[in-house]
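In our numbering, the protein residues as written are 31 to 369.
Okay, structure coming up:
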């Protein structure tokens, strides 16, 4: 697991603010994180005065964004797309061309993400029946959209939301659902298995989908899926194909973020109970886990509802066979290297 690193790059304040918000969980949604990075990069490109400065800004900012949220496949894929969109102009030394190409890519990506998320949410609504009790986990913009659409269609649904520690993303999810007039029950994570017997189906988002159909999401998701499997409750993952990770085709592992011990408990609190880090005692704060494909009933994408085992075939459809894609960190280094 990758531990958080301190930011040392001399970036524009707007880029720095986005990185801090992602790193410390103020931006919780994987989709919001990815689009916020693109928006901040566009803002910074408008302020640079040379192509070399543009290269350095993109290289440093995108590299740190990937460090801040390494499991976010959507972030990785939109960064890959952004570099592919501007690398020709970067090579030509055309700063205005870089800005125009990046702005066009940003605009098209925001539009595409909105459209595919809407499509997925509408497909998910077809799986929700009036009277259902749906359990979700953490914070997902697509799941939130689907549940709101169900409400709009007159379906009476109750939603069970675990608190989703660390980070308490479930609290935010519960608040937004409740504000929309949806019945919500917020509960402690340790009661997931106990309450699963009252649930009709589970709907969750994803940080990334691996080539084998495994789902990377907020830590605790795998426990929800395991409890659902035991209780014979269907688990649906709502995720666009832009969250599929092509890097995993060749066996590369999705990096799972782990926060620093003080994000869970302060040194002063430990001292109060007679504990000290490093003396045969440690604290682990993983932020993401991996749910095996056998605990997932279906992944709802903009292309339709698929079995987890079909992810490899969809990646073939997207990237061809043999697979043709540029590893994002290599692409970033090549396109943004100094002359």
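For each residue, glycine too, the CB sits at the ideal point set by N, CA and C.
For residue i and residue j, what's the separation of their Cα atoms in angstroms?
{"i": "residue 122", "j": "residue 115", "result": "13 Å"}
{"i": "residue 216", "j": "residue 349", "result": "41 Å"}
{"i": "residue 200", "j": "residue 192", "result": "6 Å"}
{"i": "residue 337", "j": "residue 124", "result": "45 Å"}
{"i": "residue 169", "j": "residue 55", "result": "11 Å"}
{"i": "residue 188", "j": "residue 210", "result": "12 Å"}
{"i": "residue 41", "j": "residue 100", "result": "19 Å"}
{"i": "residue 230", "j": "residue 264", "result": "8 Å"}
{"i": "residue 181", "j": "residue 212", "result": "7 Å"}
{"i": "residue 166", "j": "residue 57", "result": "19 Å"}
{"i": "residue 87", "j": "residue 74", "result": "8 Å"}
{"i": "residue 138", "j": "residue 109", "result": "13 Å"}
{"i": "residue 62", "j": "residue 133", "result": "18 Å"}
{"i": "residue 253", "j": "residue 347", "result": "31 Å"}
{"i": "residue 351", "j": "residue 107", "result": "19 Å"}
{"i": "residue 135", "j": "residue 112", "result": "6 Å"}
{"i": "residue 119", "j": "residue 69", "result": "19 Å"}
{"i": "residue 256", "j": "residue 365", "result": "43 Å"}
{"i": "residue 360", "j": "residue 93", "result": "11 Å"}
{"i": "residue 328", "j": "residue 225", "result": "22 Å"}
{"i": "residue 270", "j": "residue 295", "result": "36 Å"}
{"i": "residue 291", "j": "residue 339", "result": "36 Å"}
{"i": "residue 44", "j": "residue 208", "result": "32 Å"}
{"i": "residue 316", "j": "residue 289", "result": "6 Å"}
{"i": "residue 190", "j": "residue 353", "result": "40 Å"}
{"i": "residue 421", "j": "residue 129", "result": "With the chain represented from 31 up to 369, any question about residue 421 goes unanswered, as that position is not in the structure."}
{"i": "residue 258", "j": "residue 223", "result": "8 Å"}
{"i": "residue 194", "j": "residue 345", "result": "30 Å"}
{"i": "residue 218", "j": "residue 127", "result": "52 Å"}
{"i": "residue 53", "j": "residue 96", "result": "10 Å"}
{"i": "residue 66", "j": "residue 48", "result": "7 Å"}
{"i": "residue 236", "j": "residue 184", "result": "27 Å"}
{"i": "residue 324", "j": "residue 284", "result": "18 Å"}
{"i": "residue 102", "j": "residue 64", "result": "8 Å"}
{"i": "residue 247", "j": "residue 76", "result": "34 Å"}
{"i": "residue 85", "j": "residue 318", "result": "31 Å"}
{"i": "residue 343", "j": "residue 311", "result": "45 Å"}
Specify, as a first and last residue, the run of the beta strand (DSSP E) that residue i falls within.
{"i": "residue 301", "result": "Taken as a continuous stretch (DSSP letters only), residue 301 belongs to no beta strand (DSSP E), being part of the alpha helix (DSSP H) at 297 to 302."}
{"i": "residue 267", "result": "264 to 268"}
{"i": "residue 287", "result": "287 to 289"}
{"i": "residue 248", "result": "245 to 248"}
How far does the alpha helix (DSSP H) with residue i in it extend, from its first residue to its last?
{"i": "residue 44", "result": "43 to 53"}
{"i": "residue 158", "result": "Careful: residue 158 lies outside any alpha helix (DSSP H) and carries neither H nor E."}
{"i": "residue 405", "result": "Outside the modelled stretch of the chain, which goes from 31 to 369, sits residue 405, for which no answer is possible."}
{"i": "residue 364", "result": "358 to 365"}
Any idea what DSSP makes of residue i, helix, strand or coil?
{"i": "residue 315", "result": "strand"}
{"i": "residue 236", "result": "coil"}
{"i": "residue 277", "result": "helix"}
{"i": "residue 306", "result": "coil"}
{"i": "residue 151", "result": "helix"}
{"i": "residue 284", "result": "coil"}
{"i": "residue 31", "result": "Annotation note: pLDDT 47 at residue 31 (below 50); position unreliable, coordinate value reported separately. The answer is coil: DSSP assigns residue 31 none of H, G, I, E or B."}
{"i": "residue 353", "result": "coil"}
Using a Cβ-Cβ distance cut-off of 8 Å, determine whether residue i contacts chain C.
{"i": "residue 239", "result": "In the displayed structure, chain C is absent; only one protein chain is listed."}
Q. Does the pairing of the stretch 288 to 299 with the stretch 172 to 188 give three or more beta-carbon distances under 8 Å?
A. These segments do not touch.
Q | Sequence ranges, alpha helix (DSSP H) only - wholly within the stretch 164 to 232, length at least 4 | A | Runs of the alpha helix (DSSP H) lying entirely within the stretch 164 to 232, each at least 4 residues long, are 171 to 182, 199 to 209, 222 to 225 in chain order.
Q. Which runs of the beta strand (DSSP E), 3 residues or longer, sit entirely within the stretch 321 to 348?
A. Here the runs fully enclosed are 328 to 331, 334 to 336.
Q | Whole runs of the beta strand (DSSP E) within the stretch 57 to 144, excluding any shorter than 3 residues | A | List check, beta strand (DSSP E) in window: nothing returned.
(Q) Contact between the stretch 147 to 167 and the stretch 324 to 344 is defined here as three or more beta-carbon pairs at a separation below 8 Å; is this criterion met? (A) Yes: the two stretches touch, three or more of their Cβ pairs being nearer than 8 Å.
(Q) Under 8 Å, with one C-beta from each stretch per pair, do the stretch 305 to 322 and the stretch 136 to 149 reach the 3-pair mark? (A) The stretch 305 to 322 makes no contact with the stretch 136 to 149; the number of CB pairs closer than 8 Å stays below 3.
(Q) Does the stretch 266 to 274 come into contact with the stretch 236 to 245, if we say contact requires no fewer than three beta-carbon pairs (one atom in each stretch) closer than 8 Å? (A) Counting C-beta pairs closer than 8 Å gives three or more between the stretch 266 to 274 and the stretch 236 to 245, which meets the contact rule.
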